[in-house]
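**Q**
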Amino acid sequence: MNVEKITPFQFGCMCFAFMSGFSTLYLLEAKLIMHDVWIAIIAATIATLFLVQLLVYIQRQFADMNLSDIIITVFGNWVGKLVLCLYLLGMTGLGVLSLRSISLFYTTAILPNTSPGLIMAIVLLVTTYAAYLGLSSISRAALVILPFFAVAMLVISVFIFDDVESNPFMPQFQNALPLIVYSSMISFGFPFGKTSVFAFVFSEITNQKKLVKSCTTAAIFSCVYLLMSTYLAIGCLGEYMFKTAAFPFFSSIQLVKFGENIERIEIMIIGIWTILTLFEIIIVQYCFVKIVGRIFGAKNLSSLYLPVGAIFFAVSMKSFDNPAKLVAYDVKILPFSIILPSIILPLILGCILWVKKSRKNQMDIQNS
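Be aware that the sequence shown starts at 1, since it is given in full-length UniProt numbering, and climbs by one per residue.
Quick look at the structure:
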């Protein structure tokens, strides 16, 4: 199957859209440690940068091979397929989390009388078709939407900043170290830990020497966006309103007045947020289909997109049927469930490849 490759710049834009998405929707790590949240976010970003280095190292050992093929090559057929199934399980969780987040936001803040199932069905119809179109189309769409996102966020941030009366990141170091570490795990789980999903499309980048630069830039910009949103939300709302608001950053945006056009600006920002979250679901579906195709040896992947979309819809309808369960998953389960696919498995894979490479170098030295 011929794959249309994308440039490192397109890949970087897509990474940012994927990581950012609805990363500012709940701001759960900020609600947990408030003034020290910047430490947690930066720590999660640093962990992500190390993860990127590891994933790129793994990819460079096998040039044009997809990560699915690399896993099966290193672990063997059956163990490799079991590892891929673990990644499928993690991607299902990410997809369902995004779908439920969109439906919760819309049914709570915008369309209270609309069925969550209807919203998720409409979203999945769009994302399934987008995933079917391929990575090149997805990346071009990201290039179109990101300038609008940047301008909208810059304008709204300037106006919110006028309502910030004190530095919400001061005083510092008010929480115990274990709590800060746990908040870092929450931040890594959502949004930064999702970076491991992108490793499955590394082979579809034209210049793989720039993979680290593209991913690093995207992670840093995502960190800045999350820090900025948290700073403005806490500073604008105050600690009490911030902790009690379901969607703190959106609540802070609602307090900004642009005269008679405030409602239009809110709608525009909601639309941009939604599109960024769609990118997350689209890429998860795209990678999910590629992995399923590798497990079952399917040559024509086009017929798999609709069934995969149906699977995501069915699982979403049975999962997180109320906001409390969704928040509990984000806070109590995701920080730990993300460790296996995003940290442990890449570390094992990287160690195996490093040992094999070291042995090969030693043998070459002995033979020479």
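Even glycine gets a Cβ: it sits at the ideal position worked out from N, Cα and C.
Values in this document were obtained by computation on a predicted structure and should not be read as measured data.
1) If you draw a straight line from the C-alpha of Ile295 to the C-alpha of Cys287, how long is it?
2) Which of the three DSSP states is assigned to Ile338 in this structure?
3) Would you mind reading off the limits of the alpha helix (DSSP H) that contains Phe16?
4) How many whole angstroms separate the CB atoms of Ile119 and Ala130, which I take to be in contact at a CB cut-off of 8 Å?
5) Measuring alpha carbon to alpha carbon, tell me which of Leu84, Glu4, Val96 ends up nearest Pro341.
6) Based on Cα-Cα distance, which residue from Glu266, Cys13, Ile275, Ile333 lies nearest to Ser157?
7) Report buried or exposed for Ala310, applying the criterion of at least 16 other Cβ atoms within 10 angstroms of its Cβ.
8) Here's the rule: buried if 16 or more other CB atoms are within 10 angstroms of the residue's CB, otherwise exposed. What is Ala324?
9) Would you mind sorting Arg359 into buried or exposed? The rule is 16 or more other CB atoms within 10 Å of its CB.
10) Going by alpha carbons, who is nearest to Leu177 out of Tyr225, Val37, Tyr240?
11) Out of Ile41, Pro116, Cys15, which one is the CA nearest neighbour of Leu135?
12) How many angstroms separate the CA atom of Thr127 from the CA atom of Ser222?
13) Taking the alpha helix (DSSP H) that Ile41 falls in, what are its first and last residues?
14) Could I get the ranges of all uninterrupted beta strand (DSSP E) runs contained in the segment 224-306, with 3 residues as the minimum, in chain order?
15) Using 10 angstroms around the beta-carbon of Gln172, count the other beta-carbons present and answer buried if the total reaches 16, otherwise exposed.
16) Please work out which residues of its chain come closer than 7 Å, Cβ to Cβ, to Ile39, disregarding the five sequence neighbours upstream and downstream, and give them in chain order.
17) Going straight from the alpha carbon of Gln59 to that of Gly76, what length do you get?
18) Taking all protein chains shown into account, decide if Met1 is buried (16 or more other Cβ within 10 angstroms of its Cβ) or exposed.
19) Would you please state the rounded distance, in angstroms, between the beta carbons of Phe320 and Arg100? I believe it to be under 8 Å.
20) Relative to the C-alpha of Ser229, which candidate in Phe11, Phe9, Cys13, Leu28 has its C-alpha closest?
21) By DSSP, does Met1 sit in helix, in strand, or in coil?
22) I'd like the list of long-range same chain contacts for Leu67, defined as Cβ closer than 6 Å, with 5 residues on each side in sequence excluded.
23) Please return the same chain residues whose Cβ sits closer than 6 Å to the Cβ of Val96, not counting the five positions on each side in sequence.
24) Buried or exposed: Asp330, going by 16 or more other Cβ atoms within 10 Å of its Cβ?
25) With a cut-off of 8 Å, does the C-beta of Val256 fall near any C-beta of chain D?
26) Here's the rule I'm using: 16 or more other beta-carbon atoms within 10 Å means buried, otherwise exposed. How should Ser115 be labelled?
27) Grab the span of the alpha helix (DSSP H) containing Ser187 for me, first residue to last.
28) Met19: which of Phe190, Met65, Ile122 sits nearest, CA to CA?
29) Let me check understanding here. Comparing Cα to Cα, which of Asn361, Leu82, Ile283, Trp273 lies closest to residue 369?
30) Could you pull the start and end residues of the alpha helix (DSSP H) that Val74 belongs to?
31) For the alpha helix (DSSP H) that contains Tyr106, what are its first and last residues?
32) What residues match up with Ile205 in a beta bridge as DSSP calls it?
**A** Straight from the coordinates:
1) Translated into positions along the sequence shown, residue 295 becomes position 295. Translated into positions along the sequence shown, residue 287 becomes position 287. As the crow flies, the alpha-carbon of Ile295 is around 12 Å from that of Cys287.
2) By 1-based counting over the sequence shown, the position of residue 338 is 338. Ile338: coil per DSSP, three-state reduction.
3) Working through the sequence shown from its first residue, we reach residue 16 at position 16. Per DSSP, Phe16 belongs to the alpha helix (DSSP H) from 8-20.
4) Mapped onto the sequence shown, residue 119 falls at position 119. Mapped onto the sequence shown, residue 130 falls at position 130. Taking 8 Å as the upper bound for CB-CB distance, Ile119 and Ala130 are not in contact here, some 17 Å apart.
5) Indexing the sequence shown from 1 puts residue 341 at position 341. Among Leu84, Glu4, Val96, the Cα nearest to that of Pro341 belongs to Leu84.
6) Taking the first residue of the sequence shown as 1, we reach residue 157 at position 157. The residue with the shortest Cα to Cα distance from Ser157 is Glu266.
7) Numbered from 1 along the sequence shown, position 310 holds the residue referred to as residue 310. Ala310 counts as exposed, since fewer than 16 other C-beta atoms from the protein chains shown sit within 10 angstroms of its C-beta.
8) Within the sequence shown, residue 324 is the residue found at index 324, counting from 1. It is exposed - the Cβ of Ala324 has fewer than 16 other Cβ atoms within 10 Å.
9) Taking the sequence shown and counting its residues from 1, one reaches residue 359 at position 359. Counting the other CB atoms within 10 Å of its CB gives Arg359 a total below 16, which places it among the exposed residues.
10) Position 177 of the sequence shown, counted from the first residue, corresponds to residue 177. The candidate whose alpha carbon is nearest that of Leu177 is Val37.
11) The sequence position of residue 135 within the sequence shown is 135, counting from 1. Closest by C-alpha distance to Leu135, out of Ile41, Pro116, Cys15, is Cys15.
12) On the sequence shown, residue 127 is found 127 positions in, with the first residue counted as 1. On the sequence shown, residue 222 is found 222 positions in, with the first residue counted as 1. When rounded, the distance between both Cα atoms is 22 Å.
13) By one-based count along the sequence shown, residue 41 stands at place 41. From DSSP, the alpha helix (DSSP H) with Ile41 extends over 37-60.
14) If we require 3 residues or more, the segment 224-306 turns out to have no beta strand (DSSP E) run fully inside it.
15) For the purposes of this step, residue 172 is identified with residue 172 of the sequence shown, where counting begins at 1. Exposed is the call here.
16) By 1-based counting over the sequence shown, the position of residue 39 is 39. A distance below 7 Å between beta-carbons, with the five flanking residues on each side excluded, links Ile39 to the following residues of its chain, in chain order: Ile180.
17) If you number the sequence shown from 1, residue 59 lands on position 59. If you number the sequence shown from 1, residue 76 lands on position 76. A direct Cα-Cα distance of roughly 17 Å separates Gln59 from Gly76.
18) As a first step, residue 1 must be located in the sequence shown, where it is residue number 1. Note that Met1 scores a pLDDT of 47, beneath 50, so its modelled location is shaky and nothing firm can be said.
19) Walking along the sequence shown from the start, residue 320 turns up at place 320. Walking along the sequence shown from the start, residue 100 turns up at place 100. So it is a contact: roughly 4 Å between Cβ atoms.
20) Position 229 of the sequence shown holds residue 229. For Ser229, the nearest C-alpha among the options comes from Leu28.
21) Numbered from its first residue, the sequence shown carries residue 1 at position 1. Confidence at Met1 is low in this model, with a pLDDT of 47, below 50, so the placement of that residue should be treated as unreliable; the coordinate-derived value is given next. In the structure shown, Met1 sits in coil (DSSP, three-state: anything other than H, G, I, E or B).
22) Here residue 67 is taken as the residue at index 67 of the sequence shown, counted from 1. Closer than 6 Å at the Cβ level, and outside the excluded window around Leu67, lie Ala199, Phe200.
23) Here residue 96 corresponds to residue number 96 of the sequence shown, with the count starting at 1. Hits under 6 Å: Val315, Ser316, Ser319.
24) Counting from 1 along the sequence shown, the entry for residue 330 is found at position 330. Flag for Asp330 reads buried.
25) The chain inventory of the structure shown lacks chain D, comprising one protein chain alone.
26) Working through the sequence shown from its first residue, we reach residue 115 at position 115. The residue is exposed, with fewer than 16 neighbouring Cβ atoms inside 10 Å.
27) The count along the sequence shown starts at 1 and reaches residue 187 at position 187. Annotation: the continuous alpha helix (DSSP H) that includes Ser187 extends over 177-189.
28) On the sequence shown, position 19 is the one that residue 19 refers to. The shortest C-alpha separation from Met19 is found at Phe190.
29) With the chain covering 1 to 368 only, the question about residue 369 has no answer from this structure.
30) The residue labelled residue 74 in the question sits at position 74 within the sequence shown. Taken as a continuous stretch (DSSP letters only), the alpha helix (DSSP H) holding Val74 covers 67-75.
31) Counting from one through the sequence shown, the residue named residue 106 turns up at place 106. Counting along the chain, Tyr106 falls outside any alpha helix (DSSP H), and DSSP gives it neither H nor E.
32) On the sequence shown, residue 205 is found 205 positions in, with the first residue counted as 1. Ile6, per the DSSP bridge assignment.
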